[in-house]
Amino acid sequence: MGSEQRNNKDHIHSSDRTHHDVRIEHMGSGDRVRNDQIGSKLASKRLTSTGPQNTGSGGAVQSKKDYRWTIFHQEELEKDIANTERPHPAKAMSIEYELVDESDPDPLGKIAGPQIYTDGSKINGRVGAAITWWTNDTESEYQTLSLHPSCSVYQAEMYALYRAVAMVKASREKVVNILSDSRSSLELLSNPRTGHPLAHAIRESTRNANAEGKEIRFYWLRAHVGIKGERADELAKSLPKRLMPTMITRKFPYPGKNKIREETILKWQTRYDSSQTGAITKTFFPDAKKAYAMEIEITPVQTQIFTGHTGIAEYLHRFKLLQSPSCECDADKIESVWHIILECPRYEVARYDLEHKIETKLEKQKCTK
């Protein structure tokens, strides 16, 4: 990784170097596949969709027969490092980090040696990472890195740390400090059991640097402090437009998979809205995306209420199991789900107890939000 840092394809800025473009390998084009179907079901913990499905050929099932989408082979999907490729548990490395004491008048002044500040950003669909190297309060080098639009800020932060370690390896310095405002990234590095590919790469690169007699110290800043930290933030947010969007690896990133999930939910919503069935369910869950995000324990009784498929007169009459859909409380009232929840005097006590417990009067509008 050290040699990568000085590759002529890198977009490196320093006082005595030529500027170059970062050109990391771009994501492949993948296959065109199509879907035969997409379904939806009320699961035990959430209202969820069955798509996308994996196919034997490594593609993904899509939501309509006439829908086309470029997707990647299964082997191109980013996934955790295999156990066989990880170091033995006894040799697993944990990268510890320190917190910068912000109560100190000069919190960074006590950190001896060169300092590398890292940052990641995602603004208007553009994802970037930045690294800036400071020695004796003077910036000597910086990098701006453009990532694929499907990448997340978290990935950008992790990649900035990866490139910072590579920068240390390529330098002649024996002790270097890396400062990041992404605590989640540093926490991931401190967990030796994680198989995240970038975390694994950072740990291995750090291990190699240590073997070369170099010490890398990691610090967490609650927010980028001072000119140096603000410089990293500025660089991450102001990527040169001439840079091509690049991928941090050849693999399809985790957020990219979320994009696929969003597309299938969108297709699900379209079919859900146009369907002639499920009228009761739609009143409770009009928005498929919000329903999918819910994580609640669904009981058999709740399932019957949410679907209307239960032993009420309206439902039984529909299948000619009762002569009338009327409620026992009033022959002029249809015994529907909403009648039982909001009106039926037979359940008045239970309704009152529930309203008292949730401190809200039961109304259809509130039940369907």
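The numbers in numbering that gives the first Met the number 0 rise by one with no breaks, and the one at position 128 of the sequence shown is 127.
We treat Cβ as the ideally placed atom computed from N, Cα and C, and that holds for glycine.
Given the structure is predicted, the values throughout are model-derived calculations rather than measurements.
Close Cβ partners of residue i (< 7 Å) along its chain, the five nearest in sequence each way excluded
i	result
residue 363	337 and 341
residue 314	307 and 308
residue 195	79 and 187
residue 346	339
residue 96	185, 189, 217, 218 and 219
Straight-line Cα distance separating residue j from residue i
i	j	result
residue 267	residue 99	47 Å
residue 152	residue 275	41 Å
residue 357	residue 365	12 Å
residue 192	residue 186	12 Å
residue 361	residue 287	23 Å
residue 339	residue 290	23 Å
residue 173	residue 117	19 Å
residue 282	residue 120	39 Å
residue 179	residue 264	35 Å
residue 329	residue 311	14 Å
Spatial neighbours of residue i in its chain, beta-carbon cut-off 8 Å, leaving aside the 5 residues before and after
i	result
residue 211	168
Three-state secondary structure assigned by DSSP to residue i
i	result
residue 120	strand
residue 305	helix
residue 29	For residue 29, the pLDDT reaches just 34, beneath the cut-off of 50, and the residue's location in the model is therefore unreliable, leaving the point undetermined.
residue 94	coil
residue 144	strand
residue 80	coil
residue 241	In this prediction, residue 241 has a pLDDT of 46, which is less than 50 and means its spatial position is unreliable; what the coordinates show is noted afterwards. If DSSP states are grouped into helix, strand and coil, residue 241 belongs with coil.
residue 263	helix
residue 37	Low local confidence applies: a pLDDT of 30 at residue 37 is under 50, so the model's placement there is unreliable, with the coordinate-based value given in what follows. Three-state DSSP puts residue 37 in coil, outside helix and strand.
residue 272	helix
residue 178	strand
residue 100	coil
residue 60	Summary for residue 60: the model assigns pLDDT 40, below 50, so the residue's position carries little reliability, and this model does not support an answer.
Assigned exposure category for residue i - 16 Cβ within 10 Å defines buried
i	result
residue 105	exposed
residue 304	buried
residue 113	buried
residue 156	buried
According to DSSP, residues forming a beta bridge with residue i
i	result
residue 127	120 and 145
residue 134	137
residue 325	333
Neighbourhood of residue i by C-beta distance below 6 Å, restricted to the same chain and skipping five residues each side
i	result
residue 110	176
residue 333	313 and 324
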